[in-house]
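>
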Amino acid sequence: MEQHFDLTVIWAGIIGFGLMMYVLMDGFDLGQGILFPFAPNEKARDTMMNSVAPVWDGNETWLVLGGAGLLAAFPLVYSVFLPALYIGVFLLLAGLIFRGVAFEFRFKAKTSKHLWSWSFAVGSTVASFAQGAVVGAYIQGFETQGFVYSGGPLDWLTPFTVVTGLGLVAGYALLGSTWLIMKTEGELQDWAYKITPKLLAGLLTVFTIVCIYTPFVDETVKMRWFNNISIIWVLPALALFCAYVVLRAVKKRQDGMPFVASMGIFLFSYLGLLASKWPYIVPPNFTIWDAASSHNSQLFLLLGFLFVIPIVLAYTSWTYWVFRGKVKAGGYH
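Our numbering applies: residue 56 is where the sequence shown begins, and numbers increase by one.
Right, here's the structure in full:
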């Protein structure tokens with residue numbers, strides 16, 4: 056009997072991997088914008104931008120890959136998510152565009168440099184908040200009739216999604232501060248050491264709220280968490296351990312470990328969310344198989360993605376290797 060690989064599961068893994076790579080790669084440079092207004096001085100802001108200048112464009116490649124793959128492999132997601140999240144997605148894209156324009160213009164500006172600095176900060180913050188709010192809306196689930204979204208345009212905006220939005224702002228700022236610890240020195244590094252514990256406290260507050268809220272928003276999730284002592288509890292425990300490692304590394308004034316451990320917090324939190332919701336891609340009703348495109352479409356697109364992803368990984372690795380080391384004040388690297 057002829058058998059096929061379950062391409063739907065493979066595609067879910069690819070999309071999940073692409074989105075996680077985007078969060079980790081673009082999170083710390085969005086964090087630079089969030090921290091921008093609070094930097095010690097203008098010289099520090101120049102160094103902050105120079106620290107991400109070689110890599111920030113490439114980081115956003117993962118968002119394009121994840122979004123394109125999601126449209127191709129799971130078209131139902133777009134037919135529900137876009138009507139439900141038009142305003143949130145618009146804010147996300149507007150923030151990213153605004154940030155990108157400000158990033159380029161600030162390098163050239165002289166008399167209007169402060170305006171572009173604020174534009175960079177606002178764009179980064181809005182984009183980060185919108186991403187967090189979208190995650191919160193996914194946790195809450197979507198009201199549908201058949202395969203069509205039946206809720207209102209602002210149903211996604213609730214006190215819970217505001218909390219998750221602010222939490223992701225704090226989380227990206229944490230990635231940004233630990234990136235500065237790793238990539239800078241002197242006054243700017245000292246400032247990053249000082250603010251990192253405060254940002255971590257904000258992130259852990261939201262982490263706790265989400266962990267409490269998520270099992271009670273969906274009966275399936277509640278059963279998965281509480282009916283049996285499950286391996287799923289390992290994931291939040293590992294996230295908390297990474298938070299402890301961040302604090303310990305900051306206290307010891309280590310350079311690289313705070314950033315690595317901060318990425319670990321995001322990774323294990325992300326895996327915990329996926330484990331809670333699996334296999335629902337449009338909660339609370341539709342699984343990845345309900346939302347999937349045809350087998351032939353998935354197979355055709357998979358061949359292209361399996362060619363592109365190694366190239367993106369190789370280019371990303373090469374870029375970070377070339378621009379490794381500390382960023383000096385007054386220089387690009």
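We put the CB at the ideal spot given by N, CA and C, even for glycine.
Between the Cα of Val203 and the Cα atoms of Val224, Val367, Ala346, Ile366, which residue gives the shortest distance?
Ala346
> Comparing alpha-carbon positions, which option in Ala139, Gln195, Ser106, Trp280 lies nearest Lys383?
It is Ser106.
> What is the residue span of the beta strand (DSSP E) that Ile336 lies within?
Segment 335-337, the beta strand (DSSP E) holding Ile336.
> Check Val203 in the structure and name its three-state DSSP category.
strand
> Please go through the same chain and pick out, in chain order, the residues whose beta-carbon is closer than 6 Å to the beta-carbon of Met56, but skip the five residues on each side of it.
Any reading at Met56 needs caution, since the residue's pLDDT is 39, under 50, leaving its predicted position unreliable; the model's value is listed next. So the list is empty, once near-sequence residues are dropped.
> Are the CB atoms of Phe355 and Met237 nearer to each other than 7 Å?
no
> Name the two residues that bound the continuous alpha helix (DSSP H) containing Val218.
214-238
> Would you mind stating whether Ser179 and Ile250 have Cβ atoms separated by less than 7 Å?
no
> In whole angstroms, what separates the C-alpha of Trp344 from that of Leu131?
10 Å
> Out of curiosity, what's the CA-to-CA distance linking His169 and Leu85?
18 Å
> So what does Phe341 bridge to, in DSSP terms?
Val337
> Buried or exposed, going by whether 16 or more other CB atoms sit within 10 Å of the CB of Lys253?
exposed
> Within the same chain, show all residues whose beta-carbon is closer than 6 Å to that of Ser372, passing over the 5 residues directly before and after it, in chain order.
none
> For my contact list, Val276 and Pro270 are in at a C-beta cut-off of 8 Å; report their separation, rounded to the angstrom.
5 Å
> I need the straight-line Cα distance from Ser349 to Glu240, nearest angstrom please.
Approximately 53 Å between the Cα atoms of the pair.
> So, with DSSP's three-state summary, where would you put Lys381?
coil
> Could you spell out the range, first to last residue, of the alpha helix (DSSP H) harbouring Arg154?
130-163
> Let me make sure I understand the geometry here. Which of Arg379, Gly380, Met278, Tyr375 has the alpha-carbon closest to that of Asp112?
Tyr375
> Between which two residues does the alpha helix (DSSP H) holding Asp112 run?
Where Asp112 is concerned, the enclosing alpha helix (DSSP H) stretches over 111-114.
> Count the other CB atoms, across all protein chains shown, that sit within 10 Å of the CB of Gln58; report buried if there are 16 or more and exposed otherwise.
Residue placement at Gln58 is poorly supported in this model, since its pLDDT is 48, which falls under 50; the coordinates are not used for a value here.
> Per the contact definition of three or more C-beta pairs closer than 8 Å, is the stretch 66-79 in contact with the stretch 197-213?
no
> Which residue spans inside the stretch 288-319 form an unbroken beta strand (DSSP E) run of at least 3?
none
> Count the other CB atoms, across all protein chains shown, that sit within 10 Å of the CB of Ala256; report buried if there are 16 or more and exposed otherwise.
exposed
> Between the stretch 179-195 and the stretch 146-166, do three or more beta carbon pairs fall short of 8 Å?
yes
> My assumption, with CB atoms under 8 Å, is that Ser172 sits in contact with Arg161. Please give the rounded CB distance.
6 Å
> Would you identify the three-state DSSP class for Gln58, choosing helix, strand or coil?
Low per-residue confidence applies at Gln58: pLDDT is 48, beneath 50, and the placement is therefore not dependable enough to give any value.
> What's the C-alpha gap between Gly226 and Tyr133?
26 Å
> Helix, strand or coil for Ser172, going by three-state DSSP, please let me know.
helix
> What distance in whole Å lies between the Cβ atoms of Phe197 and Ala139, which are believed to be in contact at a cut-off of 8 Å?
That pair is a contact at about 5 Å.
> Pull up the CB-CB distance for Gly121 and Gly73, whole angstroms please, since I reckon it's below 8 Å.
4 Å
> My output table needs one value for Glu97: the three-state DSSP class, helix, strand or coil.
helix
> Could you name the residues of the same chain whose beta carbon sits closer than 6 Å to that of Leu293, not counting the 5 residues immediately before and after it, in chain order?
The answer, listed in chain order, is Phe323.
> Which of helix, strand or coil does DSSP assign to Phe360?
helix
> Between Leu235, Phe129, Leu361, Phe215, which lies nearest to Gly380 when the distance is taken from Cα to Cα?
Closest by alpha carbon: Leu235.
> Put Ser349 into one of helix, strand or coil per three-state DSSP.
coil
> For Tyr299, count neighbouring Cβ atoms within 10 angstroms of its own Cβ and tell me buried if that reaches 16, exposed if not.
exposed
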